[in-house]
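Let me begin by presenting the structure, written as structure tokens, before commenting on it.
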Amino acid sequence: MDILINIVLPLSLAVIMFSLGIGLRPADFYRVAERGWVFAVGALCQLVFIPVVAFAVTLVFGLSGAMAAGVMLIAFCPGGVTSNVVSRLANGDVALSVSLTALMSLISILTVPVLIGWSVEHFMGEAAPDISVTKLAIAMFVLTALPVILGMSLRAIAPSFSERIEPRLITLSSALFVLIILAAILSNWHTLRTNVTALGPALISLNLTTMIGGLLIAAALGLTWREQKTISIEVGIQNGSLGITLAPLIVGATGGIPTIGLPSAVYGVIMYVTVIPFVMWLRSRKG
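Here our numbering is used: the first residue of the sequence shown is 80, the next is one more, and so on.
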């Protein structure tokens, strides 16, 4: 289990983020300036709307302690490679999705350590572990930003090679994501079974509310239908693998994936149950 936490989980997340970086080009970041308003909508939804919904969910479903902090953790994590794939399936704006995912992954280096520090103290009280914001930020950089930068560098140096291996990396990333979720669930089966009746509906509510809310906000602000779909997906899909990987670092666990990581693992499963019919509905509408 120590090998899983200390080696397998961080390496798996690094591969997932590397696969994101290898699909990026500098032009993707130029779009941030060209489409500033659209990016602002997506960024504010992820930084403000999702955490507010998550906090409300913990109150409505009576979650507390590490479990509630875990729900907030998944809300603080930006969307991962999965959101880009889902945007493509929904006929959304894939360039917007990739650019927004990359941008928020970089911003999260600063936001996640601060926000999770507050969340853990708020929900866990005296049981809250001592969290070094600086150390967590460094870990975020090594686990997320650095692999993205390396992926982009490889893309710039060897574009043909990068294009050939990109599909395989995406497949590998998906497999690693499943592995991470299974490991988290199996290592905490008893705790999960005890809390699943509250945790399951809470996470379904979080997922559905953020997807629908993102769609409505984007529509109210006059974005195009493709942009609305993309914002909805980027807001509604969080990086569960990041949440699971950060959980042991937050509480200093070495002998198993802690309770605070369970919501991220369960979310990773539930997400597909809710997202698939939602994407089918998005595809059926012309906008």
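Beta carbons: idealized from backbone N, C-alpha and C, even for Gly. No experiment lies behind these values; they were computed from the predicted model shown.
Assuming residue i and residue j are in contact, meaning their beta carbons sit under 8 Å apart, how far apart are those beta carbons, in whole angstroms?
{"i": "GLY292", "j": "PHE155", "result": "Not quite, the Cβ-Cβ distance comes to about 17 Å (not below 8 Å), so this is no contact."}
{"i": "PRO157", "j": "ASN318", "result": "6 Å"}
{"i": "ILE367", "j": "ILE195", "result": "No statement about residue 367 is possible, as the shown extent of the chain runs from 80 to 366 and does not include it."}
{"i": "PRO226", "j": "MET96", "result": "4 Å"}
{"i": "MET290", "j": "VAL314", "result": "7 Å"}
{"i": "GLY331", "j": "PRO208", "result": "6 Å"}
{"i": "ILE403", "j": "SER176", "result": "Residue 403 lies beyond the range of the chain shown here (80 to 366); nothing can be said about it."}
Whole angstroms are fine: how far does the CA of residue j sit from the CA of residue i?
{"i": "LEU222", "j": "VAL87", "result": "12 Å"}
{"i": "LEU255", "j": "VAL94", "result": "9 Å"}
{"i": "ALA181", "j": "GLY141", "result": "34 Å"}
{"i": "VAL150", "j": "VAL199", "result": "11 Å"}
{"i": "ILE153", "j": "GLN125", "result": "11 Å"}
{"i": "GLY159", "j": "ALA206", "result": "30 Å"}
{"i": "ALA174", "j": "LEU282", "result": "28 Å"}
{"i": "PRO356", "j": "SER363", "result": "11 Å"}
{"i": "ALA224", "j": "GLY340", "result": "21 Å"}
{"i": "ILE323", "j": "SER184", "result": "16 Å"}
{"i": "ILE244", "j": "LEU138", "result": "45 Å"}
{"i": "SER343", "j": "PRO327", "result": "12 Å"}
{"i": "MET359", "j": "ARG167", "result": "12 Å"}
{"i": "LEU233", "j": "TYR109", "result": "19 Å"}
{"i": "LYS308", "j": "GLU242", "result": "26 Å"}
{"i": "LEU265", "j": "GLY230", "result": "31 Å"}
{"i": "ALA298", "j": "TRP197", "result": "32 Å"}
{"i": "ALA365", "j": "LEU261", "result": "Ala is not the amino acid found at residue 365; the sequence shown has Lys there. Rounded to the nearest angstrom, the two C-alpha atoms are 37 Å apart."}
{"i": "ILE296", "j": "MET350", "result": "21 Å"}
{"i": "ILE210", "j": "ALA216", "result": "11 Å"}
{"i": "PRO89", "j": "SER239", "result": "28 Å"}
{"i": "THR273", "j": "ALA135", "result": "22 Å"}
{"i": "HIS201", "j": "LYS214", "result": "20 Å"}
{"i": "ALA106", "j": "ARG305", "result": "20 Å"}
{"i": "ALA235", "j": "GLY121", "result": "27 Å"}
{"i": "GLY347", "j": "ALA237", "result": "33 Å"}
Please name the residue, chosen from the options, that lies closest to residue i on a Cα-to-Cα basis.
{"i": "LEU258", "options": "VAL358, ARG104, VAL345 and GLY144", "result": "VAL345"}
{"i": "SER187", "options": "TYR351, VAL348 and LEU325", "result": "LEU325"}
{"i": "MET146", "options": "THR353, MET290, VAL131 and ALA277", "result": "ALA277"}
{"i": "ALA148", "options": "THR338, TRP304, VAL358 and VAL348", "result": "THR338"}
{"i": "LEU300", "options": "TYR109, LEU123 and SER91", "result": "LEU123"}
{"i": "LEU321", "options": "MET219, ILE228 and GLY279", "result": "MET219"}
{"i": "VAL212", "options": "MET231, HIS201 and LEU189", "result": "LEU189"}
{"i": "LEU294", "options": "SER239, GLY331 and LEU361", "result": "LEU361"}
{"i": "ASP172", "options": "LEU302, ILE349, MET359 and LEU265", "result": "LEU302"}
{"i": "ILE310", "options": "ALA169, VAL348, PRO280 and PRO342", "result": "ALA169"}
{"i": "ILE228", "options": "LEU90, SER98, MET359 and LYS365", "result": "SER98"}
{"i": "MET203", "options": "VAL193, SER143, LEU261 and LEU179", "result": "SER143"}
{"i": "GLU113", "options": "MET350, SER178 and PRO280", "result": "SER178"}
{"i": "VAL131", "options": "SER284, SER343, ARG167 and ILE312", "result": "SER284"}
{"i": "ALA133", "options": "THR288, VAL358, MET359 and MET350", "result": "THR288"}
{"i": "THR353", "options": "TRP304, ALA298, GLY279 and LYS365", "result": "GLY279"}
{"i": "TRP268", "options": "ILE336, VAL136 and GLY347", "result": "ILE336"}
Any heavy atom of the ligand ADP closer than 7 Å to the beta-carbon of residue i?
{"i": "LEU92", "result": "Ligands displayed in this structure: none; no statement on the ligand ADP is therefore possible."}
Would you kindly report the start and end of the unbroken alpha helix (DSSP H) that includes residue i?
{"i": "GLN125", "result": "Segment: none, GLN125 is in no alpha helix (DSSP H) and carries neither H nor E."}
{"i": "SER211", "result": "Taken as a continuous stretch (DSSP letters only), SER211 belongs to no alpha helix (DSSP H), as it is neither H nor E."}
{"i": "GLN307", "result": "304-315"}
{"i": "ARG362", "result": "341-363"}
{"i": "PRO89", "result": "88-100"}
{"i": "ARG167", "result": "160-168"}
{"i": "VAL193", "result": "173-203"}
{"i": "SER232", "result": "225-236"}
{"i": "THR324", "result": "319-330"}
{"i": "GLY141", "result": "GLY141 -> no alpha helix (DSSP H), and no H or E assigned at all."}
Original post:
Would the region 235-251 and the region 109-123 be scored as touching if the rule is three or more Cβ pairs under 8 Å?
Top reply: no
**OP:** Report yes or no: do the region 162-177 and the region 97-108 share at least 3 C-beta pairs separated by less than 8 Å?
**Re:** yes
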